[in-house]
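Under full-length UniProt numbering, the letters of the sequence shown match residues 1 to 321, in that order.
This report refers to the structure that appears directly beneath it.
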Amino acid sequence: MPAPLTKNCSTPLSADPARPTAGAPHIAIFTDELDWHVERLRKGFARHGARATPVRLSSCKIDTTRAHGLAIPGFHGRLPDAAVVRAIGDGSLEAITLRLGVLHALGALGVPLVNSARAIERCTDKSTASFLLAQARIPTPATFVAGSRAEALRIMRNEAPRGPLVVKPLFGAQGWGLKLLHREEDLPTEEEARGVFYLQRFVPPRDVWYEDMRILVSHGEAIGAMRRRSRRWITNVRQGAKPMACEPTPRERELALRASAALGADFSGVDIISGADGLPMVLEVNSMAGWSGLQSVTPFPIAERVAGDILRAITARRAHG
Numbered sequence: 001m002p003a004p005l006t007k008n009c010s011t012p013l014s015a016d017p018a019r020p021t022a023g024a025p026h027i028a029i030f031t032d033e034l035d036w037h038v039e040r041l042r043k044g045f046a047r048h049g050a051r052a053t054p055v056r057l058s059s060c061k062i063d064t065t066r067a068h069g070l071a072i073p074g075f076h077g078r079l080p081d082a083a084v085v086r087a088i089g090d091g092s093l094e095a096i097t098l099r100l101g102v103l104h105a106l107g108a109l110g111v112p113l114v115n116s117a118r119a120i121e122r123c124t125d126k127s128t129a130s131f132l133l134a135q136a137r138i139p140t141p142a143t144f145v146a147g148s149r150a151e152a153l154r155i156m157r158n159e160a161p162r163g164p165l166v167v168k169p170l171f172g173a174q175g176w177g178l179k180l181l182h183r184e185e186d187l188p189t190e191e192e193a194r195g196v197f198y199l200q201r202f203v204p205p206r207d208v209w210y211e212d213m214r215i216l217v218s219h220g221e222a223i224g225a226m227r228r229r230s231r232r233w234i235t236n237v238r239q240g241a242k243p244m245a246c247e248p249t250p251r252e253r254e255l256a257l258r259a260s261a262a263l264g265a266d267f268s269g270v271d272i273i274s275g276a277d278g279l280p281m282v283l284e285v286n287s288m289a290g291w292s293g294l295q296s297v298t299p300f301p302i303a304e305r306v307a308g309d310i311l312r313a314i315t316a317r318r319a320h321g
């Protein structure tokens, strides 16, 4: 069993963040590693006078002998005042289900979660996300989900006059596992696709550059945005795309807020691309979005803003009982 990430978690990351006062909010950050985002979130909460403890979600357990029914390492039998979910972690279907069950339990107990288990499930499952975005009348590239390779091939043939499709893993992030389908031979095997083919119409570039936009949404506000530009069709910063500061149009901002709300996310990274007609469409809503690329072109500390939004949500919830 992995050990909880609680070592030295009460020690400030640097001398300048204010030390939390007695009775200050105690926040759980669910993560698998003490990475760049976790360090900045801890510092952001500390600047607001709160304490944040990183914990592996896999170390949390259902325990019905406890008053609230949960065991959260680092919280000494108490519940966190709120929790930020940075990672669910790898594991079997049963292991992932248990971790989501812990998040569902925290939500049922009234602990504010960023994001809730329901929002994470909706965003992580691309098929559910596409369905809900369509139901909310939010424009997206045409999307098809097939349960067999034969069915996926039929879709490819029907869509061929309109251009190529992209196949994406049903669960996946950071641009990994995407494949542009020019020919039928490009379609993965059923084993490679794990029996599910998530197909989306490819949006070609409007010039020599491939680019899209990432808008970061926090508690109903668009707090930052960047364009991601690349010579390759996958425009993720982790895969070499260049982040560029930008100001979203009112329409792009509206779509980001509506998309995040449609999936129930309090915090999200919404990916938007413009079609041949110049009109924006939502590609994806990320419930555990990173912002290191966005931070490089943003003049204020994003983690501090996110931490402040979460603490204000705690205050508002307490005020309403």
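Just so you know, even glycine gets a beta-carbon here, dropped at the ideal spot from N, CA and C.
Per DSSP, F45 is one residue of the alpha helix (DSSP H) stretching across 36 to 47. Rounded to whole angstroms, the separation of the alpha carbons of T189 and P139 is 30 Å. By the CB criterion at 9 Å, L199 and A160 fall outside the cutoff. When secondary structure is reduced to three states using DSSP, I215 falls in the strand class. Take R305, set aside five residues on each side of it, and the residues of its chain with a beta-carbon closer than 6 Å to its own are I223, in chain order. For D309, the enclosing alpha helix (DSSP H) has its first and last residue at 302 to 319. Taking C-beta separations shorter than 8 Å and ignoring five residues to either side along the sequence, the partners of G240 in its chain run S230, R232, following chain order. Counting only runs that start and end inside the segment 178 to 265, the alpha helix (DSSP H) elements of at least 4 residues fall at 250 to 262. For I96, the enclosing alpha helix (DSSP H) covers residues 93 to 108. Of the residues assessed, R251 falls on the exposed side of the cut-off, its CB having fewer than 16 other CB atoms within 10 angstroms. Taking H104 as reference, the option from A83, L93, D271 with the minimal CA-CA separation is A83. DSSP places S268 within a strand segment (E or B) once states are collapsed to three. The three-state secondary structure of P280, taken from DSSP, is strand. The three-state reading of DSSP puts R122 in helix, counting H, G and I together.
According to the DSSP assignment, I155 belongs to the alpha helix (DSSP H) that extends over 149 to 159.
Of the candidates I310, A303, S292, V282, the residue whose Cα lies closest to the Cα of K126 is V282.
Taking C-beta atoms as the reference points, P73 and F45 fail to come closer than 9 Å. Collapsing the DSSP output to three states places T53 in a strand.
Around the beta carbon of V208, fewer than 16 other beta carbons sit within 10 angstroms, so the residue counts as exposed. The alpha-carbon separation between A52 and V270 amounts to approximately 26 Å.
If you draw a straight line from the Cα of L257 to the Cα of W36, it is about 26 Å long.
The criterion of a C-beta distance shorter than 9 Å is satisfied by A117 and L100. In the three-state reduction of the DSSP assignment, S274 falls in the strand class, which pools E and B.
CA-to-CA, the gap between L57 and D32 works out to about 8 Å. When secondary structure is reduced to three states using DSSP, L133 falls in the helix class.
For L294, the enclosing alpha helix (DSSP H) covers residues 292 to 295. D277 counts as exposed, since fewer than 16 other beta carbons sit within 10 angstroms of its beta carbon. With at least 16 other beta carbons inside 10 angstroms of its own, W291 counts as buried. DSSP places F75 outside any beta strand (DSSP E), giving it a letter other than H or E.
Straight-line measurement puts the Cα of L41 at about 11 Å from the Cα of H48.
Closest in alpha carbon position to V85, among A316, A289, R317, P301, is A289.
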